[in-house]
Amino acid sequence: MEKTLDCTGLACPLPVVRTNQAMKELAAGDRLRLISTDRGSANDIPSWAKRTGHALVSAQEDGGKFVFVLEKAG
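221 is the number that my numbering gives the last residue of the sequence shown; the numbers go up by one with no jumps.
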């Protein structure tokens, strides 16, 4: 299953806070697609994933939007 979380327009730390909340609702192996316009997310989300043990599957910037795909750890 893949869930999308749109954090467009939210400033730090809200994208990380919302990501953390959304990941708690997923089962192991499920994916979260996060969209953020906060430039800090480019560093914050990969750091958060590493710290929490979740996999950062992909990270891209597209027209000022940062798109991350995270996979929940088991």
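We treat Cβ as the ideally placed atom computed from N, Cα and C, and that holds for glycine.
Does the Cβ of residue i have 16 or more other Cβ atoms within 10 Å, making it buried, or fewer, making it exposed?
i    : result
D276 : The question about residue 276 has no answer here: the residues shown for the chain are numbered 148 through 221.
T166 : buried
S194 : exposed
D185 : buried
Spatial neighbours of residue i within its chain, please: C-beta separation below 6 Å, excluding the five flanking residues on both sides.
i    : result
A202 : E218
Relative to the C-alpha of residue i, which candidate in the options has its C-alpha closest?
i    : options                   : result
N190 : D177, R180 and Q207       : Q207
K197 : D185, R186, V163 and G210 : V163
F213 : G221, E149 and S183       : S183
S188 : G210, Q168, C159 and E149 : C159
Leaving out five residues on either side along the sequence, give the residues of the same chain with a beta carbon under 7 Å from the beta carbon of residue i.
i    : result
V216 : R178, R180, V204 and S205
Decide if the region 155 to 175 is in contact with the region 202 to 211; the criterion is three or more beta carbon pairs, one per stretch, under 8 Å apart.
-> Result no; under three Cβ-Cβ pairs closer than 8 Å.
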